[in-house]
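Single-structure report; data block below.
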Amino acid sequence: MNRTLGVCYYPEHWPETQWADDAARMARLGLTHVRIGEFAWSRLEPRRGAYDFDWLRRAIDTLHGAGLKVVLGTPTATPPKWLVDEMPDMLPVGADGSVRGFGSRRHYDFSHDGYLEECKRITLALARAFGEHPGIAAWQTDNEYDCHNTTLSYSAAARAGFQAWLQRKYQSPDALNRAWGTVFWSMEVADFGEVELPNLTVTEANPAHVMDFRRYASDMVVRFNKAQADIIRAHSPGRDVIHNFMGRTLAFDHFAVGADLDISSWDSYPLGFLEDRSDQNDDWKRQFARAGDPDFQAFHHDLYRATSKGRWWVMEQQPGPVNWAPHNPAPRDGMVRLWSWEAFAHGAETMSYFRWRQAPFAQEQMHAGLLRPDSIEAEGYFEAAQVAKELGELEGELDDKAGLADVAIVFDYPSAWAWEIQPQGREFDYFRLVFDFYRSLRRLGLSVDFVPGDTPSLEGYRLVVIPGLFTWSPALLEAIKAHDGHVLIGPRSGSKTADFAIPQGLPPALPDDLLGVRVARIETLRADTPVPIQGGGTFQFWREYLEVNAETETILSAKDGVPALVAKGNCHYLGGWPDADLLLEILQGLSANAGLSVRELPDEVRLRRHGHHVFAFNYGATPFDLTDLGWSREPLLGSRRLEPSGVAVTQLSDAGY
Amino acid sequence: MNRTLGVCYYPEHWPETQWADDAARMARLGLTHVRIGEFAWSRLEPRRGAYDFDWLRRAIDTLHGAGLKVVLGTPTATPPKWLVDEMPDMLPVGADGSVRGFGSRRHYDFSHDGYLEECKRITLALARAFGEHPGIAAWQTDNEYDCHNTTLSYSAAARAGFQAWLQRKYQSPDALNRAWGTVFWSMEVADFGEVELPNLTVTEANPAHVMDFRRYASDMVVRFNKAQADIIRAHSPGRDVIHNFMGRTLAFDHFAVGADLDISSWDSYPLGFLEDRSDQNDDWKRQFARAGDPDFQAFHHDLYRATSKGRWWVMEQQPGPVNWAPHNPAPRDGMVRLWSWEAFAHGAETMSYFRWRQAPFAQEQMHAGLLRPDSIEAEGYFEAAQVAKELGELEGELDDKAGLADVAIVFDYPSAWAWEIQPQGREFDYFRLVFDFYRSLRRLGLSVDFVPGDTPSLEGYRLVVIPGLFTWSPALLEAIKAHDGHVLIGPRSGSKTADFAIPQGLPPALPDDLLGVRVARIETLRADTPVPIQGGGTFQFWREYLEVNAETETILSAKDGVPALVAKGNCHYLGGWPDADLLLEILQGLSANAGLSVRELPDEVRLRRHGHHVFAFNYGATPFDLTDLGWSREPLLGSRRLEPSGVAVTQLSDAGY
Amino acid sequence: MNRTLGVCYYPEHWPETQWADDAARMARLGLTHVRIGEFAWSRLEPRRGAYDFDWLRRAIDTLHGAGLKVVLGTPTATPPKWLVDEMPDMLPVGADGSVRGFGSRRHYDFSHDGYLEECKRITLALARAFGEHPGIAAWQTDNEYDCHNTTLSYSAAARAGFQAWLQRKYQSPDALNRAWGTVFWSMEVADFGEVELPNLTVTEANPAHVMDFRRYASDMVVRFNKAQADIIRAHSPGRDVIHNFMGRTLAFDHFAVGADLDISSWDSYPLGFLEDRSDQNDDWKRQFARAGDPDFQAFHHDLYRATSKGRWWVMEQQPGPVNWAPHNPAPRDGMVRLWSWEAFAHGAETMSYFRWRQAPFAQEQMHAGLLRPDSIEAEGYFEAAQVAKELGELEGELDDKAGLADVAIVFDYPSAWAWEIQPQGREFDYFRLVFDFYRSLRRLGLSVDFVPGDTPSLEGYRLVVIPGLFTWSPALLEAIKAHDGHVLIGPRSGSKTADFAIPQGLPPALPDDLLGVRVARIETLRADTPVPIQGGGTFQFWREYLEVNAETETILSAKDGVPALVAKGNCHYLGGWPDADLLLEILQGLSANAGLSVRELPDEVRLRRHGHHVFAFNYGATPFDLTDLGWSREPLLGSRRLEPSGVAVTQLSDAGY
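Protein chains in written order, with UniProt numbering: chain A, 1 to 657; chain B, 1 to 657; chain C, 1 to 657.
This is the structure we're talking about:
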């Protein structure tokens, strides 16, 4: 595999006279890919039907002429004003009932059939015009689905679409009433047309109602993406269809969207995400303010590697300070390089920086680029150059495929929706729970794969972890039964039926021959009221009262005697949310049993196995000595004294490093 | 009096085949009452006029057949969809102008005449059908008025109703203008039709305007309840009419609603209320996370004993973890029993658990019942069984009536509205202030009665406490003048006229022959800026500058010399909000003067006198030795070593315990 | 100059029989001015066209008869109900799209042409009726523009007005598109009618778009005020036109409004502002809870002295506890006097108390007056009396004019809008930044003038400070070039073009011959992540990476080597937001270089030079010895032992004090 670098570029923002020079500089820097076009609708079609593609063709020609491969974006994240004025009911509506208007981006409702047709029209026009252009290597559909919380809309279009979706799903109002339990508060409907959207209710809406609305909304994103992908495939043979996902965005099922993509990509902004989307405390945020959370990028690398069955990119890589977090510090020297290499360590094909030149105008004028607004090289430029050079040096050394990781975590978007609908305790958040497990595995030096909850393949994993799963898919239950590695289930896994009800035999709803355990009662806890566990550590936020069958073994108990971790054979169930150290200990024990060799790493050092190599990354501000981990030889890249922001790669030998 | 236990049950949630078994189990457990029906409108009338009462009759027959007494709820808290679609303007409107829609419960506007007629219609139909059924022991009107903040609505119906209410009250716009002082900011109206609702104003609305709107809204709740009560009384002779109030709910006048009830009841959720509705700090919440605030339940027991002149129930008692607070821990073992006994100690006739079986579906699926969703007994079941057994053992030992308490607190709902409208300092909340006084009296081992501010009877109380009273009713002033016990007034009492203005002669507007004191100035204070009092302690949040007549004695002063507590004879005025220890000291002194014997209790131990007996309760996690309080004999129930969550009852002798 | 005292009075609130007595008492107290009428529209015109001016004439006659000078307010801040009902679209609309309704005050939209006409009509009627009345000394237009955030409105009227304003400014949509950079997210418009207001967008709107809307909204305030001023001038010759501004109110350009006034005044509520509008921490707020922030009043005195070129008043002075802050403590004894004298120290002509008698009704019934509601003198009365007496004693001693201060700060309202639109870091607030500089200069005992950013005169100032300036006006750049004193620029100054874009050559966009520095990169920082500076101190919140030319000297650097303070000759640039002590040190150094003699004062002591005198004020609760500052003689007022809340005035000698 050829690992490549790219950049995001907006020819429409700059004088045409500058394009050739920009393209030449990109190529000289060692970039091979350039993404363009995704916000340019008003320039591509200034008035209805008045297509103006010539400038885009000249831009593509120029970039192609410089040897660059173009990723062309469909411009559907920014419908122009004339279109919105034609069909104002295409605008999304917030949960508070306010129309979300024109003036920024993503001002459309996924449910709106009329807008969907417009998107198909412009996509078709672009695909016909450029589908077979030799400079076009790939397409990006739209841009960052769900960014600015745009999956959910409470419009008339959404209401009509949801009612039709329910009719297809349930066929009869009676079936819906039964599934949702609408008898509870006289919420019964006699007709699908009576179903309202679940916002603006006096108190909480029926969780089954909300859950179906979340599924519907996710399906609308899938429909929207597929409509474009189908057109592109028909008219641009051999080109990859890509979408650029965001970080900690769970409002739609990325596996389902990914099924219609060739390549999943994502937009990686480590500093912005730490500031804006992290559950960590202030000390942690201070410690990593210039580096980003050491596990956040890796998490998404691993997740989006899974959503398109292995092929994935970083489409937008933070190159310097951004503009959108509450605070926007500058990356520590070397971090842009580290982030770039980390993507490759997790198997990325292409790592693309956002953006070429900082735009001095409009919303993102404070967002750094590889170039400053005055076209001078910014800090990120030089780090990208170093990565380009190092990629060349290592070409041929690294394996094509990352290979199977040590551990699989089942990741399931509907579970995120479910616990957002019904946290039961303020802190219960699916991402936070899964991320705790992920970080603990990484603290042990393990590499992780994610597998989906509905169509999982567990084969080859010595350890499978399933935290907080909403409901069992038959496929997953079958896969667990067939699995001969270790499995750790819970907390809260299997605690609902697909209709958002408590399973008849109580959670976790596992067959007794697999694991005889029932959750008799749960409680949620204030952060200052954890439940102490015998032998040390605590459960926080969430705790279950487990009842076990005779053949089930209790491995850990709370100090009040309630079983905390139980097992039958290789199948384990965890009845609470462990604090970080307890979780590390539990996973350490399971890893040992599973024959995985682990080693506790400091917070700022992380490893990633890729084929026959191991990468090491230092997110910290002080050096780390890799010989402490048994690295006996000089690495292929970097040195055993892993500098701040340092990267090292070594070859796995039979005896380890 | 026969003390009894009950439970809430929803036959419509379960297969009919299960009803008989459920009923038999209830009876075996020792329950005698079962509340049903209050959310079942969509099953009782699936389409307009298509009544289906047969299933309900079969359910009542089944329960009655098992020896249970049925409390039948009117289903008006959950109007069905077809009804809402017929008259969408029956929906309530929030202060932000948003319609609060169908999809949960309480989606109706108390002001809507059309909906009121519908409620009368369904109530009449039910009363005619079941009013004389031998299984029907009582009726519950609607469910939890004001729950989810539904007293106030800003709809067109509310506006029209408010205007008509004002016309009746003031007769002429001029009278309204004078009463409100609308000249202040040119807010004068020439016609009642010009009066707007007091929401969505540019800055705060006129407090007199808001106060009348609050009175109006409260009157609408009274009207709504009375309409049902009248119908039930006419068609169900001899049955009690009950409503189930909530905790810390002050948006309507419960005395006024209670006047139309035979029995006040309330829904007691100690752990949820501590998490969600307490002013206490985090340490306190942690300490009592599994027990509830030691005074919160007692407060409401005492309050709702007053709202129906002595007869009261707990209609819903928390049996395990609930689903609606930010965190929902499990009660400590024994607490469900303790809560049950505490209700009886305060004079409850019936203590009813919510609910029989945890519903595995819809909004409250995470709310525990006496049974788990799989019909196995949950923890609460066994504690209820113990209470049933103990009730049998003590039958005949306890007095019928609680008798007069040691101290009376004047409690006045309009005062709560007034200080919500005009706190003047962020922390000034009527409930919080009264609760501080209540807790301090309880820390001294005293028992408390509440009396209303408009029609109080103070006879027989050695000490009467009147904190934060909005305005004097003539009746209360007369009662104080006639009273020969001690009276403690203030802070802020009598500080307004009924028209929400400062009284001409300044607060507290007491006749000089009663107590010659004027509040010359008030100030409100940040929590970190208390006013030190000579001899120790502080005023917090609120402090008055008192001027006193010559014949008025100054008992306490602030360190800056301003009088803090003044008196003339038995009448005292307190010019600030004392911290907990200062308040304890003040009340201790007054109690001594009043001839009340007191003893300081630890935070977690509380006493309640009931007729010739005293109950002791231990909300703490460690034992408490009741001999420290002079309990010389073995109690009738429990032992002198009061275990965690323990209950004890002993007989009062002339020499004390 | 005759320094005078005044008061605010509402004859319409009191029986006419009381007016003469009130007027006589005012005169006896030593007041000379009385402001009336500004909320009385409903009494002046109870129905359309039915003017009733007789009562007002009698009131003016009465006050005038007692020797008082009347300031007559136009009543346009409180349009009456009949007018709002005639044109409901005159109501302002919040950013959330909600109409802000009748029922308090300021319920009008500055953009509404119909309401503007109504205001001209009532102003004309009043001006014709009273313009030449001998009792009328001055007029106040409206009341507290922007109070309750009323500058910005998102109504249909605002939309239409904004579109027309844009058309005048840009002439063609293309010019607008270029200026705003609408190409960025396909935000291009083909017609001015397509431009929406910048609220309710999906994510942030284009900053250039918002900036123009802010300019437009400010212009509407100017238009509104000028319309009244023109009418008054035409019909009330020789009377001053005044408006009463508020504290920390930056939503419109007070210089632009001030250009149409004879006198700027403001409403000074030191305790309310400390509680409600201060960036200081809780310790500071506790320390000064009864005194107010020692620099906040002075800041606004200096600012509003500038907005009308020197003539200014305090129109409303806090006389005791107010009603509108989260907490409303009583002023420490003496503070009302101190605040009064401080206004005169900063050059006020008239200091007017709000209000004569506390109104016992409506919204402000908890707001103290000079009299209590029962007409007894309140605390503030006696302090006002002392000021009146002292003013008499010092008459003739003090200079007429304050004279030029030591330091000029450039203050620029558009900069406040810009950084509100684009803070980039959560704490970046223009007022907060400028106030930090202002306080540091005051800690050094310096007196400060403010000068506007667009038409500044820097002549005579030894030190000019320009923090956080949005963009350079040509006039300011010229003034700096011509200036021979010291200049300190930055942080963030000159960082934008007028079109809200990054300047081509990068900030601070200074000519290289003035100062060769470029901001290559900026970053914003969490409060817990400051940047340490060599030699001590830190940059907080905001830090720039400076590149300097060879001839530019680096005076201070960060510990990581990045230049922090650079200079060429007398022109300095500061590349970050210094903490308080570092800022003090920097300004101390610059002052020394500029030949200004400084002396560090404790937090609670402040000095103000006025002509040939220096005033000293003690905001603290302990005495301060002024001999420590070299005050060798007994002061004209007060003593060298400056008591808590004390004031002292001494004459400047050549040798200092």
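A virtual CB, placed ideally from N, CA and C, is assigned to each residue, including glycine.
Here the structure is a predicted model, which is why all the values come from computation and not from measurement.
State buried or exposed for residue i, treating a residue as buried only when at least 16 other CB atoms are found within 10 Å of its CB.
{"i": "residue 2(A)", "result": "exposed"}
{"i": "residue 474(B)", "result": "exposed"}
{"i": "residue 175(A)", "result": "exposed"}
{"i": "residue 168(B)", "result": "exposed"}
So if DSSP puts residue i in a beta bridge, which residue, or which two residues, is it bridged to?
{"i": "residue 69(C)", "result": "33(C)"}
{"i": "residue 351(C)", "result": "5(C), 314(C)"}
{"i": "residue 731(C)", "result": "Any question about residue 731(C) goes unanswered here, given that chain C covers just 1 to 657."}
{"i": "residue 573(C)", "result": "489(C), 566(C)"}
{"i": "residue 545(B)", "result": "521(B)"}
{"i": "residue 408(A)", "result": "449(A), 464(A)"}
{"i": "residue 558(A)", "result": "533(A)"}
{"i": "residue 357(C)", "result": "371(C)"}
{"i": "residue 538(B)", "result": "532(B)"}
Between residue i and chain C, is any beta-carbon pair separated by less than 8 Å?
{"i": "residue 363(A)", "result": "yes"}
{"i": "residue 206(B)", "result": "yes"}
{"i": "residue 81(A)", "result": "yes"}
{"i": "residue 181(A)", "result": "no"}
{"i": "residue 679(B)", "result": "Outside the displayed range of chain B (1 to 657) lies residue 679(B), so it cannot be described from this structure."}
{"i": "residue 375(A)", "result": "no"}
Is any beta-carbon of chain B found at less than 8 Å from that of residue i?
{"i": "residue 284(C)", "result": "no"}
{"i": "residue 59(C)", "result": "no"}
{"i": "residue 173(C)", "result": "no"}
{"i": "residue 34(C)", "result": "no"}
{"i": "residue 520(A)", "result": "yes"}
Compare the Cα-Cα distances from residue i to each of the options and report the closest residue.
{"i": "residue 328(C)", "options": "521(B), 244(B), 10(B), 356(B)", "result": "521(B)"}
{"i": "residue 308(B)", "options": "265(B), 23(B), 357(B)", "result": "265(B)"}
{"i": "residue 579(B)", "options": "591(B), 435(B), 60(B), 506(B)", "result": "435(B)"}
{"i": "residue 267(A)", "options": "237(A), 249(A), 119(A)", "result": "249(A)"}
Can you check the region 197-236 of chain B for any alpha helix (DSSP H) of at least 4 residues that lies completely inside it and give the ranges in chain order?
Complete alpha helix (DSSP H) runs here, min 4: 207-235.
Please give me, in chain order, every unbroken run of the alpha helix (DSSP H) with length at least 4 that falls completely inside the region 251-278 of chain B.
Qualifying alpha helix (DSSP H) stretches, in chain order: 254-258, 270-276.
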